[in-house]
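Residue 533 in the numbering used here sits at position 518 of the sequence shown, and the numbers go up by one each step. Note that CB positions come from ideal geometry on N, CA and C, so glycine has one too. Quick caveat: nothing in here was measured; it's all calculated off a predicted structure.
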Amino acid sequence: MLSPHRRWTRDPPLSSVTSCVRRGLCSKRHSLWMLLVLLLVCVAFQTFVTRSARTDKLTGPGPGLPDLRFTVNKQPSPSLQKVWEHWQNTRPLQTDRPDLHHQKGGHRKPSDHILLTHVDKILNPTAGSQLEEQLDPGPLGLRSTRNHLTAGPVERLVHSPTTSGTKISCHPKSHIVFLKTHKTASSTILNVLYRYGESRNLTFALPVNKHSQLFYPFFFASHFVEGVSSRRVTEFNIMCNHMRFRKSEVVKVMPDDTFYFSILRHPVSMMESIFIYYKSIPAFHKTRSLDDFLDNSRRTYNSSVTNNHYAHNILAFDFGFDNNVAADADDLEERASRAVAAIERDFHLVLISEYFDESMVLLRHALCWSLEDMVSFKLNSRSERTRHQLSADTPEKIRRWNALDWRIYLHFNATFWHKVDSLVGREQMKREVSQLRELQLKLANTCLKDGGAVDPSQIKDAGLKPFQYGAAVIQGYNLNPDLDPQTRTQCQRLITPELQYTERLYTQQFPELAAKLKHAPRKVPPQRQRSDRTAVMGRVWSSGGHHRPVIRHRVSNLINLKASTSGLLAHTAAHNKTGVP
Numbered sequence: 016m017l018s019p020h021r022r023w024t025r026d027p028p029l030s031s032v033t034s035c036v037r038r039g040l041c042s043k044r045h046s047l048w049m050l051l052v053l054l055l056v057c058v059a060f061q062t063f064v065t066r067s068a069r070t071d072k073l074t075g076p077g078p079g080l081p082d083l084r085f086t087v088n089k090q091p092s093p094s095l096q097k098v099w100e101h102w103q104n105t106r107p108l109q110t111d112r113p114d115l116h117h118q119k120g121g122h123r124k125p126s127d128h129i130l131l132t133h134v135d136k137i138l139n140p141t142a143g144s145q146l147e148e149q150l151d152p153g154p155l156g157l158r159s160t161r162n163h164l165t166a167g168p169v170e171r172l173v174h175s176p177t178t179s180g181t182k183i184s185c186h187p188k189s190h191i192v193f194l195k196t197h198k199t200a201s202s203t204i205l206n207v208l209y210r211y212g213e214s215r216n217l218t219f220a221l222p223v224n225k226h227s228q229l230f231y232p233f234f235f236a237s238h239f240v241e242g243v244s245s246r247r248v249t250e251f252n253i254m255c256n257h258m259r260f261r262k263s264e265v266v267k268v269m270p271d272d273t274f275y276f277s278i279l280r281h282p283v284s285m286m287e288s289i290f291i292y293y294k295s296i297p298a299f300h301k302t303r304s305l306d307d308f309l310d311n312s313r314r315t316y317n318s319s320v321t322n323n324h325y326a327h328n329i330l331a332f333d334f335g336f337d338n339n340v341a342a343d344a345d346d347l348e349e350r351a352s353r354a355v356a357a358i359e360r361d362f363h364l365v366l367i368s369e370y371f372d373e374s375m376v377l378l379r380h381a382l383c384w385s386l387e388d389m390v391s392f393k394l395n396s397r398s399e400r401t402r403h404q405l406s407a408d409t410p411e412k413i414r415r416w417n418a419l420d421w422r423i424y425l426h427f428n429a430t431f432w433h434k435v436d437s438l439v440g441r442e443q444m445k446r447e448v449s450q451l452r453e454l455q456l457k458l459a460n461t462c463l464k465d466g467g468a469v470d471p472s473q474i475k476d477a478g479l480k481p482f483q484y485g486a487a488v489i490q491g492y493n494l495n496p497d498l499d500p501q502t503r504t505q506c507q508r509l510i511t512p513e514l515q516y517t518e519r520l521y522t523q524q525f526p527e528l529a530a531k532l533k534h535a536p537r538k539v540p541p542q543r544q545r546s547d548r549t550a551v552m553g554r555v556w557s558s559g560g561h562h563r564p565v566i567r568h569r570v571s572n573l574i575n576l577k578a579s580t581s582g583l584l585a586h587t588a589a590h591n592k593t594g595v596p
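Below you can see the structure in the form of C-alpha cells.
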C-alpha cells in the first residue's frame, strides 16, 4: 500500500535571508552617507559665512553708508562733487521711458533702419555687440569726466551713462569727427569735445604749427594735421577744428570706426550773425545793412573774390559743396538732393542749433556718453546789443539768396526729429533736457561770478577773453573768486575760449614743437584782421620748409588778398593780446 501523498513544505532559502540583511545594512549605510554629505555642506557654508563676515569687516563702508564698493581713480573737487551729488539726489525718479537701444557696435534694429533709411548710416560698424540691462545710477552714480569706475557688477550699475530707469548698455565712442560750421554754436560743442578728450588723455587731430583752423577755406588735406607727416602720432581720436570737409582726406587720418557729426543753423538767423561778424569782407564791406546787400547782391557779390564765400550758402561750402547757385537755377533741386545724399552718406548725425539742448541729449545717446559730459556754457556768443531785428520781408530774401543752405537745413531739421523718436523718444527727451538745464544752472551758480556771461570789457582774466572780431561783441565769463584750486581748474575749462584751449592742447600734445614755435620769429606781423589764406601762408612760410609744398601751387591766388575774415593770423594776434602761453 502506497503511503499517502506527502506535502513538502519548502523552507525559505538561505539566499533570501541574506538579501534582507543586506538591504537593511545598505539602507543604514546610505543614510550615513547622506548625513556625512549634509555635514560637509554645513561645514563649507559656515566657513564661507565666516570669511565673508571677516572681509566685510575689513572693507565694508562706514556705519550708515550703503555697501557700494568701487574704485575711483581720481575724485573731482569737493565743490563740484557736491553739485553733482545734489543734482543726482534731487532729480526725479523715472520709472517709465521709451525703449532705448544703445548697442556697443552701433547697429540699429531693423525697425530703426526702416525708419531712418534716408537719414543716416549705422552709428558704428563694429560687430559683435553684447547687450545687458542695467539699472539707473543712484545718488552716487555720477562720475566726473576724469573718473573711471573699475569692473564689477556694482560698478557697472553706478557707471551707467543713462539717467533713466532701465537701459541697454553701450560702449562710449572715442573716435569722433565734428565738422565745425560757422555761426552755429559749434564753438560750444568744440569745448565739450575738448573737455571730454582732455580728461581721458585722447589725442586730437590738431592743425600744424599751432594753427586754430585746418587751413580753412582750403579743402582739407591729411597733412594739415600735426603729427601725420612726421608720424609722431599713431592714432587720432578727435578731429573738430574748422575745415572745409573732404572725406577722402579725413579717412587718411581717422580710424575706420569714427563717428561723424555736424550742426546746422536756420539760414535766416545765421545770415544775420554772419553779416555782423564778417562785416569787413568784400561782399559786406560797403553795404549799409543786410537788406541793402540782399537787394543788390547780384551787383555787389563776386564769388571769385577771396572770403566772399562767407556771404553765400556758407553751410554748403563748409560741407565741401559748390556754394555758387542761385534760387532760380535750373539745377538747384538736383544739387540740393546730391548735397543731402552726400551728407547722409558721410555723417552719422546732424544736429540743429535751434534745438541745442535737445541736440546735446541726442548726441550723448549716439556717443554713449553721460549727461554730465554734455554740460556747457555758451561760448563765442554775441551780446544782445549787437543783434539786429530783421524786417518782415528779410527772411524770405535770405531763404532765396541762400537757397541751397535752406534746402539742406529743411531736410535735416525733419530728420533730426526722426532721430529723436528713434533713439530717445519725446518724453525721455523732455526729461533729459530738463535735467541738463538744471545741472548747467547749478554749475553756473558754482563756477561763474554773477552766474552768467559778461562783455569782454568786464572780464578780469585776460587769458579768458574771447577773440573780438568784426562788429560783434563776443561775451565771456568771470570765475567765482573763492573757488578751491581743483574746482577752479574744472570750471575754467568750461569757459576757456576756443583759441586758448586749442593752443593749450597743442602744447600738451607737442611740447617740443610748441616750444620751438614760441621762439620762432614771425615773418608776417600780427594784425587784428587779415585773410584766412594770408594767415595760412604767413605761418607756413615762417615755420620752415617741410610744409611749403602743401599750398605753394596756390601762391598766384594770394596776390590781391585785402579782405578780412576770421583768419588764422588774426587768431594768432588774439593769442598775443591775451598772453596765452
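Option nearest Asp-372 by Cα separation, candidates Arg-210, Lys-445, Lys-188
The count along the sequence shown starts at 1 and reaches residue 372 at position 357. Taking only the C-alpha atoms, the option nearest Asp-372 is Lys-445.
Going by DSSP, name the residue or residues bridged to Met-254.
Taking the first residue of the sequence shown as position 1, residue 254 is located at position 239. When DSSP reads this structure, Met-254 sits in a beta bridge with Val-192.
DSSP-derived helix/strand/coil call for Tyr-492
Here residue 492 refers to the residue found at position 477 when the sequence shown is read from its first residue. Tyr-492: coil per DSSP, three-state reduction.
Return the chain-ordered list of same chain residues with a C-beta closer than 7 Å to the C-beta of His-324, the five sequence neighbours on each side being excluded.
In the sequence shown, counting from the first residue as 1, residue 324 sits at position 309. If the five residues before and after His-324 are omitted, its C-beta is found closer than 7 Å to the C-beta atoms of Pro-232, Phe-332, Asn-338, all from its own chain and listed in chain order.
Give the range of the beta strand (DSSP E) segment to which Ser-277 is assigned.
Taking the first residue of the sequence shown as 1, we reach residue 277 at position 262. Per DSSP, the unbroken beta strand (DSSP E) holding Ser-277 starts and ends at 274-279.
Local conformation of Pro-481 per DSSP, three classes:
Position 466 of the sequence shown, counted from the start, is the residue given in the question as residue 481. In the structure shown, Pro-481 sits in coil (DSSP, three-state: anything other than H, G, I, E or B).
Identify the residues that DSSP records as bridge partners of Leu-463: which are they?
Reading the sequence shown from its first residue, position 448 is the one you call residue 463. Note: Leu-463 sits in a beta bridge opposite Leu-494.
Residues that DSSP places opposite Ile-367 in a beta bridge:
Position 352 of the sequence shown holds residue 367. According to DSSP, Ile-367 bridges with Leu-279.
Take Phe-274 and list the residues in its own chain whose beta-carbon comes closer than 6 Å to its own, dropping the five residues that flank it on each side.
Residue mapping note: residue 274 aligns to position 259 of the sequence shown, counting from 1. Residues Lys-188, Ile-191, His-363 of the same chain have their beta carbon placed closer than 6 Å to that of Phe-274, with the five preceding and five following residues left out of the count.
Indicate whether Ala-487 and Ile-296 have their beta-carbon atoms separated by less than 8 Å.
Residue mapping note: residue 487 aligns to position 472 of the sequence shown, counting from 1. Residue mapping note: residue 296 aligns to position 281 of the sequence shown, counting from 1. The Cβ atoms of Ala-487 and Ile-296 do not sit closer than 8 Å to each other.
Ser-288 and Glu-513 - do their beta-carbons sit closer together than 8 Å?
Along the sequence shown, one-based indexing puts residue 513 at 498. Along the sequence shown, one-based indexing puts residue 288 at 273. Contact flag unset, no.
Is Ile-278 near Leu-366, with beta carbons less than 8 Å apart?
Taking the first residue of the sequence shown as 1, we reach residue 278 at position 263. Taking the first residue of the sequence shown as 1, we reach residue 366 at position 351. Yes, Cβ-Cβ distance for Ile-278 and Leu-366 is below 8 Å.
Length at least 3, wholly inside the segment 351-401: the beta strand (DSSP E) runs in chain order
Taken in chain order, the unbroken stretches of beta strand (DSSP E) that lie wholly in the segment 351-401 and span 3 residues or more are 364-367.
Label Glu-241 either buried or exposed according to how many other C-beta atoms from any shown protein chain fall within 10 Å of its C-beta, with 16 as the threshold for buried.
Your numbering for residue 241 matches position 226 in the sequence shown. Flag for Glu-241 reads buried.
If you pair each beta-carbon of the segment 461-471 with each one of the segment 482-501, do three or more pairs fall below 8 Å?
Judged by Cβ distances under 8 Å, the segment 461-471 makes contact with the segment 482-501, as three or more pairs qualify.
State the Cα-Cα distance for the pair Leu-50 and Ala-59, rounded to the nearest angstrom.
Here residue 50 corresponds to residue number 35 of the sequence shown, with the count starting at 1. Here residue 59 corresponds to residue number 44 of the sequence shown, with the count starting at 1. Across the structure, Leu-50 and Ala-59 are spaced so that their CA atoms are roughly 14 Å apart.
Note down, in chain order, each residue of its chain lying with its Cβ closer than 8 Å to the Cβ of Arg-350, except the 5 sequence neighbours on either side.
Residue mapping note: residue 350 aligns to position 335 of the sequence shown, counting from 1. Cβ within range, chain order: Phe-336, Asp-337, Val-340, Ala-344, Leu-419.
Cutting at 6 Å between CB atoms, please list the residues of its own chain near Tyr-516, excluding the five before and the five after it.
Here residue 516 is taken as the residue at index 501 of the sequence shown, counted from 1. Answer for Tyr-516: Tyr-209, listed in chain order.
Report yes if the C-beta distance between Phe-239 and Val-223 is below 8 Å; otherwise report no.
Residue mapping note: residue 239 aligns to position 224 of the sequence shown, counting from 1. Residue mapping note: residue 223 aligns to position 208 of the sequence shown, counting from 1. Yes, the Cβ-Cβ distance between Phe-239 and Val-223 is below 8 Å.
Boundaries of the alpha helix (DSSP H) in which Ala-200 is found, first to last residue:
Translated into positions along the sequence shown, residue 200 becomes position 185. Element bounds for Ala-200: n/a, residue is neither H nor E.
Per DSSP, what kind of secondary structure is Leu-514 in: helix, strand or coil?
Locating residue 514 in the sequence shown gives position 499, where the first residue counts as 1. Leu-514 falls in the helix class under three-state DSSP.
Would you be able to state if there are at least three C-beta pairs under 8 Å between the segment 449-458 and the segment 312-326?
Result no; under three Cβ-Cβ pairs closer than 8 Å.
How close, in whole Å, do the beta carbons of Phe-219 and Leu-425 come, if the pair is a contact with beta carbons under 8 Å?
To locate residue 219, count along the sequence shown from 1; it is residue 204. To locate residue 425, count along the sequence shown from 1; it is residue 410. Between Phe-219 and Leu-425 a beta carbon distance of about 33 Å is seen, past the 8 Å cut, so the two are scored as non-contacting.
Whose CA, out of Ala-200, Ser-245, Cys-255, Lys-225, lies closest to the CA of Tyr-211?
The count along the sequence shown starts at 1 and reaches residue 211 at position 196. Closest option to Tyr-211, judged by alpha-carbon separation, among Ala-200, Ser-245, Cys-255, Lys-225: Cys-255.
Do Leu-229 and His-257 come within 8 Å of each other at the CB atom, strictly closer than that value?
In the sequence shown, residue 257 corresponds to position 242, counting from 1. In the sequence shown, residue 229 corresponds to position 214, counting from 1. Cβ atoms of His-257 and Leu-229: closer than 8 Å.
Those runs of the alpha helix (DSSP H) which lie wholly inside the segment 279-330 and span at least 4 residues
Taking only runs of at least 4 residues, the alpha helix (DSSP H) segments lying wholly in the segment 279-330 are 282-292, 297-300, 305-310, 312-315.
Once the 5 residues before and after Ser-374 are set aside, which same chain residues still bring their CB inside 8 Å of it?
Taking the sequence shown and counting its residues from 1, one reaches residue 374 at position 359. Only Ile-278, Leu-366, Ile-367, Ser-368, Phe-431 meet the Cβ criterion.
Close Cβ partners of Arg-414 (< 6 Å) along its chain, the five nearest in sequence each way excluded:
Within the sequence shown, the letter at position 399 stands for residue 414. Around Arg-414: Trp-421.
Selected residue, minimal CA-CA separation from Glu-359, among Lys-262, Asp-499, Ser-201, Thr-62:
Position 344 of the sequence shown, counted from the start, is the residue given in the question as residue 359. Of the candidates Lys-262, Asp-499, Ser-201, Thr-62, the one whose C-alpha sits nearest the C-alpha of Glu-359 is Lys-262.
CB-CB under 7 Å to Met-285, same chain, minus the five flanking residues each way: which ones, in chain order?
For the purposes of this step, residue 285 is identified with residue 270 of the sequence shown, where counting begins at 1. Its chain contains Lys-198, Thr-199 as the residues whose beta carbon lies nearer than 7 Å to that of Met-285, once the 5 sequence neighbours on both sides are disregarded; these appear in chain order.
Residue nearest to Phe-251 in terms of C-alpha spacing, selected from Arg-508, Val-268, Gln-455:
By one-based count along the sequence shown, residue 251 stands at place 236. Comparing alpha-carbon positions, the option among Arg-508, Val-268, Gln-455 lying closest to Phe-251 turns out to be Val-268.
Hey, Asn-206 and Ser-385: beta-carbon distance below 8 Å or not?
As a working mapping, residue 206 is identified with position 191 in the sequence shown. As a working mapping, residue 385 is identified with position 370 in the sequence shown. Not closer than 8 Å, so no.
For Arg-259, count neighbouring C-beta atoms within 10 Å of its own C-beta (all shown protein chains included) and say buried if the count is 16 or more, exposed if not.
Numbered from its first residue, the sequence shown carries residue 259 at position 244. Classification for Arg-259: buried.
When you compare only the Cα positions, how much space is there between Ser-304 and Arg-280?
On the sequence shown, residue 304 is found 289 positions in, with the first residue counted as 1. On the sequence shown, residue 280 is found 265 positions in, with the first residue counted as 1. Rounded to the nearest angstrom, the gap between the Cα atoms of Ser-304 and Arg-280 is 21 Å.
At the level of alpha carbons, what is the spacing between Gln-524 and Phe-193?
Indexing the sequence shown from 1 puts residue 524 at position 509. Indexing the sequence shown from 1 puts residue 193 at position 178. Straight-line spacing of the CA atoms in Gln-524 and Phe-193 works out to 19 Å.
Across which residues does DSSP place Pro-232 in a beta bridge pair?
Here residue 232 refers to the residue found at position 217 when the sequence shown is read from its first residue. DSSP output for Pro-232 lists no bridge partner at all.
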